[in-house]
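These notes concern the structure reproduced below.
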Amino acid sequence: IKGPILKSIDKTENIVVFLHGYGANGNDLIEIGKHWQQNLPSTLFLSPNAPFNCEWGENAYQWFDLTSIAPEKIGEGLQKAGPYLNQYLDHISDFYKIVNEKILVVGFSQGTMMALHHLCKRKKECAGLIGYSGLLFENEGFDSEVTSKFPIRLYHGKQDEVINYEFTEKASKKLKSLGFSVDYDLNESLGHGIDENGLDFGLSF
């Protein structure tokens, strides 16, 4: 998995990993790193391209196929893509000599689906998760597969035409019931995207 890197200003002590949405690429979210960098000088920002190409674009990538949004199809896709994300996180931890507890993940849309579904099943806890405009997919037996807990912050626009904001409310309620520390914010006028308020909400986290 490859994608843009924004090096830390000072010595690297932490890593932020961006997981982009369906049909985008790593360049889509690395700009957030530029927005946050002055406040996080010891942080390395990584924005990998998802492992699979989208048929309709040369620089369009996907974590899994989204031609169908049927729950079983999303579940199959998440299962297929999971090993790629886990191997990537293990690799950067080893390569940069940064423990998982100092790696924070930021997802948007499909990237948030990946993060919410897989990070809690890893044996090693990450520093936290910021999820924009996403949803939590629960496979059968999901609760029993949760092995690590970390703070989570979610953000969603109430005008989102792709993924309804109620999925963020539902995810927050579910994750809290499993013992996660979860905070979320909804923007009345925002569609499927990230605005200035969302960036500040993430940075403060």
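Be aware that the sequence shown starts at 200, since it is given in the numbering used here, and climbs by one per residue.
Cβ coordinates follow ideal geometry from the N, Cα and C atoms, glycine included.
All of these numbers come straight from a predicted model, not from anything done at the bench.
**Asked** How big is the Cα-Cα spacing for residue 306 and residue 250?
**Response** Distance from the CA of residue 306 to the CA of residue 250, rounded to the nearest whole angstrom, comes to 15 Å.
**Asked** Among residues of its own chain, excluding the 5 on either side of residue 361, which ones have a beta-carbon nearer than 6 Å to its beta-carbon?
**Response** Excluding sequence neighbours, residue 361 sits near 391.
**Message:** By the three-class DSSP mapping on this structure, what secondary structure does residue 283 have?
**Reply:** In the three-state reduction of the DSSP assignment, residue 283 falls in the helix class, which pools H, G and I.
**Prompt:** Does the pairing of the stretch 370-388 with the stretch 350-357 give three or more beta-carbon distances under 8 Å?
**Reply:** Contact between the stretch 370-388 and the stretch 350-357 is present: three or more C-beta pairs spanning the two stretches fall below 8 Å.
**Asked** Which runs of the beta strand (DSSP E), 3 residues or longer, sit entirely within the stretch 290-353?
**Response** 302-307 and 327-331, all fully within the stretch 290-353.
**Prompt:** Does DSSP put residue 223 in a helix, a strand or coil?
**Reply:** Residue 223: strand per DSSP, three-state reduction.
**Message:** Count Cβ pairs between the stretch 204-217 and the stretch 232-246 that sit closer than 8 Å; are there 3 or more?
**Reply:** These segments touch.
**Prompt:** If we call anything under 9 Å between Cβ atoms a contact, is residue 308 one with residue 332?
**Reply:** Yes, the Cβ-Cβ distance between residue 308 and residue 332 is below 9 Å.
**Prompt:** Quick one: what's got a C-beta closer than 6 Å to residue 273's C-beta in the same chain, skipping five residues either side?
**Reply:** Counting only Cβ-Cβ distances below 6 Å, and skipping sequence neighbours, we find 336.
**Asked** Terminal residues of the continuous alpha helix (DSSP H) containing residue 242?
**Response** According to the DSSP assignment, residue 242 belongs to no alpha helix (DSSP H) but to the beta strand (DSSP E) extending over 242-245.
**Prompt:** What residues in its chain sit with their C-beta under 8 Å from that of residue 263, if we drop five residues either side in the sequence?
**Reply:** Within the same chain, 251, 273, 275, 276, 277, 279, 280 and 309 come within 8 Å of residue 263 by CB-CB distance, once the 5 residues on both sides are set aside.
**Request:** Quick one: residues in its chain with C-beta nearer than 7 Å to the C-beta of residue 284, no 5 flanking neighbours on either side, listed in chain order?
**Result:** Within the same chain, residue 284 has close Cβ partners 313 and 317.
**Message:** Suppose you measure from the CA of residue 239 to the CA of residue 330; what does that come to, to the nearest Å?
**Reply:** Distance between the alpha carbons of residue 239 and residue 330 is about 19 Å.
**Request:** Out of 282, 255, 208 and 293, state which residue places its alpha-carbon closest to the alpha-carbon of residue 233.
**Result:** Ranking 282, 255, 208 and 293 by CA distance to the CA of residue 233 puts 208 first.
**Asked** So, is the C-beta of residue 202 closer than 9 Å to a C-beta in chain D?
**Response** Looking for chain D here will not work: only one protein chain is present.
**Request:** In angstroms with no decimal places, state the Cα-to-Cα distance between residue 343 and residue 357.
**Result:** Cα-Cα distance, rounded: 31 Å.
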